[in-house]
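Down below is the structure, laid out as C-alpha coordinates.
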Amino acid sequence: MVEIDALDHAAVGKAARGVDVVLHALNPPYTDWARLALPLAYSAVAAAETAGATLLFPGNLYNYGSPLPPVIDENTPMRPSSRKGQLRVAIEDRLMEAAERGVRTIILRAGDFYGGGPGSWFDLVLVKEIGRRRITYPGPLEVTHEWAYLPDFASALLRLASVREALPPFASFGFSGHAVTGRELTAAITRAMQASLENKRMTWWLIHALRPIVPLCRELSEIAYFWNEPHSVDGSKLKATIGDIPGTPLDVAVARALEDLRAIA
(Lines of atoms letter the chains of each structure in order from A and count residues from 1; the text may use other names and numbers.)
(Lines give C-alpha, C1' and ligand atoms only; values in the text may rest on other atoms or scores of the structure.)
Protein backbone atom coordinates (compact mmCIF):
# COMPACT_ATOMS: atom_id res chain seq x y z
CA MET A 1 0.00 0.00 0.00
CA VAL A 2 1.39 3.38 -1.07
CA GLU A 3 -0.13 6.69 0.01
CA ILE A 4 0.33 9.41 -2.60
CA ASP A 5 -1.42 12.44 -4.05
CA ALA A 6 -3.56 11.08 -6.89
CA LEU A 7 -3.18 14.38 -8.74
CA ASP A 8 0.62 14.11 -8.74
CA HIS A 9 1.16 12.45 -12.12
CA ALA A 10 4.83 11.77 -11.48
CA ALA A 11 4.18 10.14 -8.11
CA VAL A 12 1.33 8.04 -9.46
CA GLY A 13 3.42 6.98 -12.44
CA LYS A 14 6.29 5.99 -10.16
CA ALA A 15 3.95 3.94 -7.95
CA ALA A 16 2.56 2.15 -11.01
CA ARG A 17 5.90 0.96 -12.34
CA GLY A 18 5.97 -2.78 -12.83
CA VAL A 19 2.21 -3.30 -12.76
CA ASP A 20 0.24 -4.90 -15.59
CA VAL A 21 -3.11 -3.25 -14.89
CA VAL A 22 -4.15 0.17 -13.55
CA LEU A 23 -7.69 0.55 -12.21
CA HIS A 24 -9.07 4.09 -12.17
CA ALA A 25 -11.48 3.79 -9.24
CA LEU A 26 -11.30 7.32 -7.82
CA ASN A 27 -14.63 9.11 -7.86
CA PRO A 28 -14.85 12.54 -6.20
CA PRO A 29 -18.04 13.86 -4.57
CA TYR A 30 -20.54 15.30 -7.05
CA THR A 31 -19.70 18.84 -5.98
CA ASP A 32 -16.03 18.28 -6.89
CA TRP A 33 -16.52 16.66 -10.29
CA ALA A 34 -15.95 19.85 -12.28
CA ARG A 35 -12.64 20.42 -10.50
CA LEU A 36 -11.29 16.88 -10.12
CA ALA A 37 -12.87 14.40 -12.55
CA LEU A 38 -10.66 15.15 -15.56
CA PRO A 39 -7.39 15.68 -13.63
CA LEU A 40 -7.85 12.35 -11.84
CA ALA A 41 -8.46 10.62 -15.17
CA TYR A 42 -5.33 12.23 -16.64
CA SER A 43 -3.38 10.89 -13.68
CA ALA A 44 -4.67 7.36 -14.25
CA VAL A 45 -3.78 7.56 -17.94
CA ALA A 46 -0.29 8.83 -17.08
CA ALA A 47 0.19 5.92 -14.68
CA ALA A 48 -0.88 3.32 -17.23
CA GLU A 49 1.23 4.95 -19.94
CA THR A 50 4.33 5.04 -17.73
CA ALA A 51 3.91 1.41 -16.69
CA GLY A 52 2.91 0.13 -20.12
CA ALA A 53 -0.16 -1.23 -18.37
CA THR A 54 -3.79 -1.76 -19.32
CA LEU A 55 -6.15 0.87 -17.93
CA LEU A 56 -9.46 -0.31 -16.47
CA PHE A 57 -12.19 2.30 -16.17
CA PRO A 58 -15.60 1.76 -14.52
CA GLY A 59 -18.03 3.67 -16.71
CA ASN A 60 -21.48 4.83 -15.69
CA LEU A 61 -24.68 5.88 -17.46
CA TYR A 62 -24.42 9.64 -17.08
CA ASN A 63 -23.14 9.75 -20.67
CA TYR A 64 -26.75 9.20 -21.74
CA GLY A 65 -29.04 12.15 -21.29
CA SER A 66 -32.78 12.55 -21.04
CA PRO A 67 -34.78 10.94 -22.52
CA LEU A 68 -32.91 7.77 -21.60
CA PRO A 69 -32.86 4.90 -24.09
CA PRO A 70 -34.81 1.99 -22.54
CA VAL A 71 -31.90 -0.35 -23.33
CA ILE A 72 -28.30 0.87 -23.39
CA ASP A 73 -25.50 -0.97 -25.18
CA GLU A 74 -22.07 -0.16 -26.60
CA ASN A 75 -23.57 1.40 -29.74
CA THR A 76 -26.04 3.69 -27.99
CA PRO A 77 -25.26 7.33 -28.92
CA MET A 78 -23.98 9.42 -26.03
CA ARG A 79 -26.01 12.59 -25.69
CA PRO A 80 -25.35 13.87 -22.16
CA SER A 81 -27.82 16.37 -20.74
CA SER A 82 -25.95 17.06 -17.49
CA ARG A 83 -22.57 18.55 -16.66
CA LYS A 84 -21.53 15.28 -15.05
CA GLY A 85 -22.50 13.44 -18.21
CA GLN A 86 -20.46 15.85 -20.32
CA LEU A 87 -17.48 15.27 -18.05
CA ARG A 88 -17.80 11.50 -18.36
CA VAL A 89 -17.90 11.75 -22.14
CA ALA A 90 -14.86 14.04 -22.06
CA ILE A 91 -13.00 11.51 -19.90
CA GLU A 92 -13.82 8.67 -22.26
CA ASP A 93 -12.68 10.78 -25.22
CA ARG A 94 -9.32 11.18 -23.46
CA LEU A 95 -9.17 7.44 -22.83
CA MET A 96 -9.77 6.80 -26.51
CA GLU A 97 -6.96 9.21 -27.39
CA ALA A 98 -4.71 7.39 -24.92
CA ALA A 99 -5.56 4.07 -26.56
CA GLU A 100 -4.47 5.52 -29.90
CA ARG A 101 -1.11 6.27 -28.25
CA GLY A 102 -0.80 2.67 -27.11
CA VAL A 103 -2.49 2.67 -23.70
CA ARG A 104 -4.76 -0.37 -23.83
CA THR A 105 -8.06 0.69 -22.26
CA ILE A 106 -11.09 -1.28 -21.07
CA ILE A 107 -14.33 0.39 -20.01
CA LEU A 108 -17.01 -1.57 -18.17
CA ARG A 109 -20.21 0.47 -17.91
CA ALA A 110 -22.84 -0.12 -15.26
CA GLY A 111 -25.75 1.47 -13.44
CA ASP A 112 -25.72 2.56 -9.80
CA PHE A 113 -23.42 0.53 -7.59
CA TYR A 114 -24.38 -1.00 -4.27
CA GLY A 115 -22.73 -3.48 -1.93
CA GLY A 116 -19.25 -3.58 -0.48
CA GLY A 117 -19.73 -0.60 1.83
CA PRO A 118 -20.96 3.00 1.87
CA GLY A 119 -20.88 5.69 -0.79
CA SER A 120 -23.79 5.06 -3.17
CA TRP A 121 -27.43 5.97 -3.65
CA PHE A 122 -28.27 2.70 -1.90
CA ASP A 123 -26.86 3.71 1.48
CA LEU A 124 -26.91 7.50 1.17
CA VAL A 125 -30.61 7.63 0.26
CA LEU A 126 -32.52 4.35 0.12
CA VAL A 127 -31.49 2.81 3.43
CA LYS A 128 -30.14 5.89 5.17
CA GLU A 129 -32.95 5.62 7.74
CA ILE A 130 -33.19 1.83 7.80
CA GLY A 131 -32.47 1.91 11.54
CA ARG A 132 -35.80 3.72 11.90
CA ARG A 133 -37.48 1.07 9.73
CA ARG A 134 -37.77 3.47 6.81
CA ILE A 135 -36.85 3.27 3.09
CA THR A 136 -36.59 6.40 0.95
CA TYR A 137 -36.88 5.69 -2.76
CA PRO A 138 -35.78 8.41 -5.23
CA GLY A 139 -38.42 7.82 -7.91
CA PRO A 140 -41.72 6.20 -8.91
CA LEU A 141 -41.82 2.60 -7.73
CA GLU A 142 -42.93 1.23 -11.10
CA VAL A 143 -39.92 2.59 -13.05
CA THR A 144 -37.07 0.18 -13.91
CA HIS A 145 -33.64 1.32 -12.72
CA GLU A 146 -30.27 -0.30 -13.44
CA TRP A 147 -28.23 -1.38 -10.42
CA ALA A 148 -24.84 -3.13 -10.25
CA TYR A 149 -23.86 -5.24 -7.24
CA LEU A 150 -20.25 -4.14 -6.80
CA PRO A 151 -18.71 -7.58 -6.08
CA ASP A 152 -20.28 -8.92 -9.30
CA PHE A 153 -19.02 -5.92 -11.25
CA ALA A 154 -15.52 -6.35 -9.82
CA SER A 155 -15.49 -10.02 -10.82
CA ALA A 156 -16.49 -9.13 -14.37
CA LEU A 157 -13.79 -6.46 -14.53
CA LEU A 158 -11.17 -8.97 -13.38
CA ARG A 159 -12.28 -11.40 -16.08
CA LEU A 160 -11.91 -8.70 -18.70
CA ALA A 161 -8.44 -7.93 -17.40
CA SER A 162 -7.52 -11.59 -17.74
CA VAL A 163 -8.34 -11.56 -21.48
CA ARG A 164 -7.01 -8.06 -22.18
CA GLU A 165 -4.44 -9.21 -24.73
CA ALA A 166 -7.25 -10.54 -26.93
CA LEU A 167 -9.17 -7.25 -26.89
CA PRO A 168 -8.78 -4.23 -29.18
CA PRO A 169 -6.76 -1.26 -27.84
CA PHE A 170 -9.97 0.48 -26.78
CA ALA A 171 -12.74 -1.86 -25.63
CA SER A 172 -16.07 -0.91 -24.06
CA PHE A 173 -18.61 -3.24 -22.48
CA GLY A 174 -21.94 -2.96 -20.71
CA PHE A 175 -22.53 -4.72 -17.40
CA SER A 176 -26.08 -5.99 -17.00
CA GLY A 177 -26.75 -6.07 -13.28
CA HIS A 178 -30.14 -5.84 -11.60
CA ALA A 179 -32.59 -3.92 -13.77
CA VAL A 180 -35.48 -3.77 -11.32
CA THR A 181 -38.34 -1.49 -10.43
CA GLY A 182 -38.37 0.48 -7.23
CA ARG A 183 -41.10 -1.81 -5.98
CA GLU A 184 -38.93 -4.88 -6.58
CA LEU A 185 -35.91 -3.36 -4.85
CA THR A 186 -37.78 -2.08 -1.82
CA ALA A 187 -39.48 -5.47 -1.50
CA ALA A 188 -36.05 -7.15 -1.49
CA ILE A 189 -34.86 -4.76 1.23
CA THR A 190 -37.98 -5.51 3.27
CA ARG A 191 -37.41 -9.26 2.96
CA ALA A 192 -33.78 -8.88 4.02
CA MET A 193 -34.73 -6.82 7.06
CA GLN A 194 -37.54 -9.25 7.96
CA ALA A 195 -39.58 -6.33 9.21
CA SER A 196 -42.35 -4.02 8.14
CA LEU A 197 -40.79 -0.89 6.64
CA GLU A 198 -42.24 2.53 5.86
CA ASN A 199 -41.74 3.56 2.23
CA LYS A 200 -41.06 7.26 1.61
CA ARG A 201 -40.38 9.21 -1.56
CA MET A 202 -37.40 11.48 -1.98
CA THR A 203 -38.36 15.17 -1.73
CA TRP A 204 -37.21 16.25 -5.19
CA TRP A 205 -39.29 19.43 -5.12
CA LEU A 206 -37.15 20.70 -2.24
CA ILE A 207 -33.92 19.65 -3.96
CA HIS A 208 -34.97 21.48 -7.13
CA ALA A 209 -35.94 24.57 -5.11
CA LEU A 210 -32.55 24.68 -3.37
CA ARG A 211 -30.61 24.17 -6.59
CA PRO A 212 -29.54 27.84 -6.98
CA ILE A 213 -27.99 28.05 -3.50
CA VAL A 214 -26.93 24.53 -2.49
CA PRO A 215 -24.24 22.96 -4.73
CA LEU A 216 -25.17 19.36 -3.88
CA CYS A 217 -28.83 20.01 -4.72
CA ARG A 218 -27.77 21.43 -8.08
CA GLU A 219 -25.74 18.30 -8.81
CA LEU A 220 -28.52 15.95 -7.75
CA SER A 221 -31.20 17.87 -9.62
CA GLU A 222 -29.54 17.45 -13.01
CA ILE A 223 -29.62 13.64 -12.78
CA ALA A 224 -33.13 13.29 -11.36
CA TYR A 225 -34.29 11.90 -14.70
CA PHE A 226 -32.54 8.59 -13.98
CA TRP A 227 -35.23 7.84 -11.41
CA ASN A 228 -38.15 8.75 -13.67
CA GLU A 229 -37.14 7.13 -16.96
CA PRO A 230 -36.92 3.32 -17.27
CA HIS A 231 -33.58 1.97 -18.48
CA SER A 232 -31.40 -1.12 -18.45
CA VAL A 233 -27.99 -2.21 -19.73
CA ASP A 234 -27.48 -4.90 -22.39
CA GLY A 235 -24.59 -7.17 -21.38
CA SER A 236 -24.56 -9.33 -24.51
CA LYS A 237 -21.10 -8.20 -25.64
CA LEU A 238 -19.66 -8.78 -22.18
CA LYS A 239 -21.15 -12.28 -22.01
CA ALA A 240 -19.73 -13.12 -25.43
CA THR A 241 -16.30 -12.08 -24.16
CA ILE A 242 -16.09 -13.55 -20.65
CA GLY A 243 -18.89 -16.12 -20.58
CA ASP A 244 -21.63 -15.98 -17.96
CA ILE A 245 -21.76 -12.57 -16.30
CA PRO A 246 -21.35 -12.72 -12.51
CA GLY A 247 -24.85 -12.30 -11.16
CA THR A 248 -25.67 -12.67 -7.48
CA PRO A 249 -29.46 -13.08 -7.06
CA LEU A 250 -31.16 -9.83 -6.05
CA ASP A 251 -32.28 -10.99 -2.60
CA VAL A 252 -28.82 -12.33 -1.76
CA ALA A 253 -27.07 -9.20 -3.06
CA VAL A 254 -29.38 -6.86 -1.14
CA ALA A 255 -28.96 -8.83 2.08
CA ARG A 256 -25.17 -8.80 1.73
CA ALA A 257 -25.17 -5.08 0.94
CA LEU A 258 -27.14 -4.43 4.12
CA GLU A 259 -24.73 -6.63 6.06
CA ASP A 260 -21.83 -4.59 4.67
CA LEU A 261 -23.54 -1.49 6.05
CA ARG A 262 -24.15 -3.27 9.37
CA ALA A 263 -27.87 -2.74 8.89
CA ILE A 264 -28.46 -6.44 9.61
CA ALA A 265 -26.39 -8.93 11.58
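Using the numbering used here, you'd call the opening residue of the sequence shown number 17 and step up by one each time. Ideal Cβ placement from N, Cα and C applies to all residues, glycine included.
Below 6 Å CB to CB, which residues in the same chain sit around residue 35 once its five sequence neighbours on both sides are set aside?
-> Looking up residue 35 in the sequence shown gives position 19. So the list reads 67, 69, once near-sequence residues are dropped.
Do you know offhand how far residue 65's Cα is from residue 99's?
-> Within the sequence shown, numbered from 1, the residue matching residue 65 stands at position 49. Within the sequence shown, numbered from 1, the residue matching residue 99 stands at position 83. Taking the straight line from one Cα to the other gives about 28 Å.
Does the distance from the CB of residue 199 to the CB of residue 142 come in under 8 Å?
-> Locating residue 199 in the sequence shown gives position 183, where the first residue counts as 1. Locating residue 142 in the sequence shown gives position 126, where the first residue counts as 1. No. Outside cutoff.
Using beta-carbon positions only, say whether residue 72 and residue 125 come within less than 8 Å of one another.
-> For the purposes of this step, residue 72 is identified with residue 56 of the sequence shown, where counting begins at 1. For the purposes of this step, residue 125 is identified with residue 109 of the sequence shown, where counting begins at 1. It is not a contact, given that the beta carbons lie outside the stated cut-off.
With distances taken between CB atoms, is the gap from residue 18 to residue 250 smaller than 8 Å?
-> For the purposes of this step, residue 18 is taken as residue 2 along the sequence shown, with counting starting at 1. For the purposes of this step, residue 250 is taken as residue 234 along the sequence shown, with counting starting at 1. No, Cβ-Cβ distance for residue 18 and residue 250 is not below 8 Å.
Find the nearest neighbour of residue 40 within the set 75, 51, 24, judged by alpha-carbon distance.
-> Within the sequence shown, residue 40 is the residue found at index 24, counting from 1. Closest option to residue 40, Cα to Cα, is 75.
Can residue 151 and residue 223 be called in contact, C-beta distance under 8 Å?
-> Numbered from its first residue, the sequence shown carries residue 151 at position 135. Numbered from its first residue, the sequence shown carries residue 223 at position 207. For the 8 Å CB-CB criterion, residue 151 and residue 223 do not form a contact.
Tell me, please, which residues DSSP counts as bridged to residue 3.
-> As shown, the chain starts at 17 and ends at 281. That puts residue 3 outside it, with no answer to give.
Residue range of the beta strand (DSSP E) that includes residue 217 | Counted from its first residue, the sequence shown places residue 217 at position 201. Taken as a continuous stretch (DSSP letters only), the beta strand (DSSP E) holding residue 217 covers 214–217.
If residue 104 and residue 185 are in contact, beta carbons under 8 Å, what's the gap, nearest whole angstrom?
-> Locating residue 104 in the sequence shown gives position 88, counting from the first residue. Locating residue 185 in the sequence shown gives position 169, counting from the first residue. Residue 104 to residue 185, Cβ: 20 Å. No contact.
Rounded to whole angstroms, what's the CA-CA distance from residue 159 to residue 30? Just pull it up for me.
-> If you number the sequence shown from 1, residue 159 lands on position 143. If you number the sequence shown from 1, residue 30 lands on position 14. Distance between the alpha carbons of residue 159 and residue 30 is about 46 Å.
To the nearest angstrom, report how far apart residue 32 and residue 38 are at their CA atoms.
-> By one-based count along the sequence shown, residue 32 stands at place 16. By one-based count along the sequence shown, residue 38 stands at place 22. Using only the alpha carbons, I get a separation of about 7 Å.
Is DSSP giving residue 132 helix, strand or coil here?
-> Mapped onto the sequence shown, residue 132 falls at position 116. Here residue 132 sits in coil by DSSP.
Span separating the alpha-carbon of residue 263 from that of residue 161 | Numbered from 1 along the sequence shown, position 247 holds the residue referred to as residue 263. Numbered from 1 along the sequence shown, position 145 holds the residue referred to as residue 161. Computed Cα separation, rounded: 16 Å.
When burial is assigned at 16 or more other CB atoms within 10 Å of the CB, is residue 239 buried or exposed?
-> By 1-based counting over the sequence shown, the position of residue 239 is 223. So residue 239 ends up on the buried side.
Could you tell me the distance, in whole angstroms, from the CA atom of residue 83 to the CA atom of residue 270?
-> Counted from its first residue, the sequence shown places residue 83 at position 67. Counted from its first residue, the sequence shown places residue 270 at position 254. Their Cα atoms are separated by approximately 28 Å.
What residue from 26, 47, 28, 260 has the CA that sits closest to residue 230's CA?
-> Locating residue 230 in the sequence shown gives position 214, where the first residue counts as 1. Selected option, being the one with the closest Cα: 47.
Can you tell me where the beta strand (DSSP E) with residue 38 in it begins and where it stops?
-> Here residue 38 corresponds to residue number 22 of the sequence shown, with the count starting at 1. That run of the beta strand (DSSP E) goes 37–39.
Around the Cβ of residue 254, are there at least 16 other Cβ atoms within 10 angstroms (buried) or fewer (exposed)?
-> Start at 1 with the first residue of the sequence shown, and residue 254 comes out as number 238. The residue in question, residue 254, is buried, as its Cβ has 16 or more Cβ neighbours within 10 Å.
Helix, strand or coil at residue 248 according to DSSP, with G and I counted as helix = Within the sequence shown, the letter at position 232 stands for residue 248. If DSSP states are grouped into helix, strand and coil, residue 248 belongs with the strands.
Tell whether a beta-carbon distance below 8 Å holds between residue 127 and residue 164.
-> Translated into positions along the sequence shown, residue 127 becomes position 111. Translated into positions along the sequence shown, residue 164 becomes position 148. In this structure, residue 164 lies closer than 8 Å to residue 127 by Cβ.
Look at the alpha carbon of residue 21 and the alpha carbon of residue 139, and state the distance between them as a whole number of angstroms.
-> Residue 21 sits at position 5 when you count from the first residue of the sequence shown. Residue 139 sits at position 123 when you count from the first residue of the sequence shown. Those two C-alpha atoms are separated by around 27 Å.
Got a sec? Which residues, its chain only, sit under 8 Å from residue 211 by beta carbon, not counting five neighbours each side?
-> If you number the sequence shown from 1, residue 211 lands on position 195. The answer, listed in chain order, is 149.
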